[in-house]
Amino acid sequence: MSLTTFVPLENDTSTGVSGGGLQQILMQGSHHGEGRSIRAAASIHLAGATPMSFELSPIDKAKFVAAKQATQYVQDGMKVGLGTGSTAAWLVKCLGEMVEKDGLKIKGVPTSTRTAELARDVGIDVISLDEAKWLDLTIDGTDEYDGNLNLIKGGGGALLQEKIVATASDQMIVIADASKQVETLGHFPLPIEVIPFGWQTTKTLVEETLISMDVLGRQVSLRMNGDAPYYTDEGNHILDLHLNRIGNSRQFSLVINQIPGVVENGLFIDICDIVVIGYGDGRVKVRDINAGSVEESRIEFVETDNLFADLND
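Following the working numbering, the numbering of the sequence shown begins with 1171 at its first residue and continues without gaps.
Listed below in structure tokens is the structure:
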């Protein structure tokens, strides 16, 4: 098992702030506790950082530690798909800090306009998927995942770009808090992206198709943005399918995509390779479905103004 811990430095003279930096300590050993060694790695300093008066909520701590752990998969020269959503935003901020503090050099391919804006703001070199052609890995959040690491995504409205980018990657890593794990997909409403033309007809066709599918719920609603329909970055609408349980997600995905007017659905089947699960107490669990491994670690951190100042943005 590998244990990575970030602990505050008592006196960080490099920043002039007592307790303002972070030191990473890596403890490596077997799952049986044999041959364990401890070594201090390079200090990670948060320049000019001062302790904040607020504390992150447990859910935000879980998202942050999952994102922080996932940055260990990112190396210089990589082309990285950048997900969309609140958890993925933590990942982008962490990578931006690595670009600024550690000189990390990567190309980021965002999955939405808002992720692109955030990535540029934190100093990540943003390119398009057409420029990248193929990616080393994509790191993204999820609305829920099952034991086979199949996902429902699209709560943030970016499912089409997210699926294209993830599919064009050697590896997909999902970061999530523990609440996102489910026994069977379908608790979270399944988004499907549809073209605006004839969307009501498409909705009717979807509802008729659901009658013969192995699901518990069959309510379909048009996603709204205030009083108007929600539009994706591609100018499409989203229908949210309230299914409660999807009996055969692979079959469901194939069938729903055959309906005229449906562009794509939010089921990610056999795409995710690794899930990084964060907990509110700083614990992190990493499950690699290809290697069949599960590793646990803990990340301790100081909430400082350079990374957390725009928490409510």
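Cβ atoms here follow ideal geometry from the backbone N, Cα and C, with glycine treated the same way.
Only a predicted model underlies this, so the values are computations on that prediction, with no experimental measurement involved.
Simplified DSSP assignment, three categories, for residue i
{"i": "R1388", "result": "coil"}
{"i": "D1340", "result": "coil"}
{"i": "L1409", "result": "strand"}
{"i": "K1277", "result": "strand"}
{"i": "G1302", "result": "Note that residue 1302 corresponds to Ala in the displayed sequence, not to Gly. Reduced to three states, the DSSP call for A1302 is helix."}
{"i": "P1228", "result": "helix"}
{"i": "F1234", "result": "helix"}
{"i": "V1472", "result": "coil"}
{"i": "F1438", "result": "strand"}
{"i": "G1266", "result": "helix"}
{"i": "S1328", "result": "Reading the sequence as shown, one finds Ala at residue 1328 and not Ser. Looking at A1328 - three-state DSSP - the assignment turns out to be coil, as it is neither helix nor strand."}
Residues sharing a beta bridge with residue i, DSSP
{"i": "E1466", "result": "K1455"}
{"i": "P1399", "result": "M1394"}
{"i": "L1288", "result": "According to DSSP, L1288 bridges with nothing at all."}
{"i": "V1364", "result": "H1407, V1432"}
{"i": "D1310", "result": "V1344"}
{"i": "D1295", "result": "K1277"}
{"i": "Y1315", "result": "L1321, Q1351"}
{"i": "V1250", "result": "G1278, L1307"}
{"i": "I1426", "result": "Paired residues: none, contrary to the question."}
{"i": "I1447", "result": "A1346, K1455"}
{"i": "I1416", "result": "V1385"}
Inter-residue Cα distance where the pair is residue i and residue j
{"i": "S1256", "j": "R1468", "result": "21 Å"}
{"i": "L1330", "j": "A1258", "result": "16 Å"}
{"i": "G1247", "j": "I1276", "result": "5 Å"}
{"i": "K1233", "j": "P1399", "result": "29 Å"}
{"i": "S1349", "j": "F1358", "result": "11 Å"}
{"i": "V1464", "j": "R1457", "result": "4 Å"}
{"i": "I1416", "j": "F1422", "result": "8 Å"}
{"i": "L1380", "j": "N1318", "result": "24 Å"}
{"i": "S1298", "j": "L1355", "result": "31 Å"}
{"i": "I1343", "j": "V1445", "result": "6 Å"}
{"i": "V1454", "j": "I1429", "result": "40 Å"}
{"i": "Q1245", "j": "T1337", "result": "20 Å"}
{"i": "V1352", "j": "L1226", "result": "25 Å"}
{"i": "I1439", "j": "A1302", "result": "24 Å"}
{"i": "V1364", "j": "V1433", "result": "5 Å"}
{"i": "A1461", "j": "I1441", "result": "15 Å"}
{"i": "V1390", "j": "G1325", "result": "15 Å"}
Burial state of residue i (16 or more Cβ within 10 Å)
{"i": "P1228", "result": "exposed"}
{"i": "Q1370", "result": "exposed"}
{"i": "Q1239", "result": "buried"}
{"i": "L1263", "result": "Checking the sequence shown, residue 1263 turns out to be Lys, not Leu. So K1263 counts as buried."}
{"i": "S1339", "result": "buried"}
{"i": "D1148", "result": "Outside the displayed span of the chain (1171 to 1483) sits residue 1148, for which this structure offers no information."}
{"i": "S1282", "result": "buried"}
{"i": "G1485", "result": "The requested residue 1485 is not part of the displayed model; the chain covers only 1171 to 1483."}
Any C-beta of chain B under 8 Å from that of residue i
{"i": "Y1243", "result": "In the structure shown, chain B does not exist; there is a single protein chain."}
**Prompt:** Would you call the segment 1257-1274 and the segment 1290-1297 touching, i.e. three or more CB-CB distances under 8 Å?
**Reply:** Output reads yes: the segment 1290-1297 touches the segment 1257-1274.
**Request:** Inspect the CB distances between the segment 1301-1310 and the segment 1405-1420 and report whether three or more fall short of 8 Å.
**Result:** no
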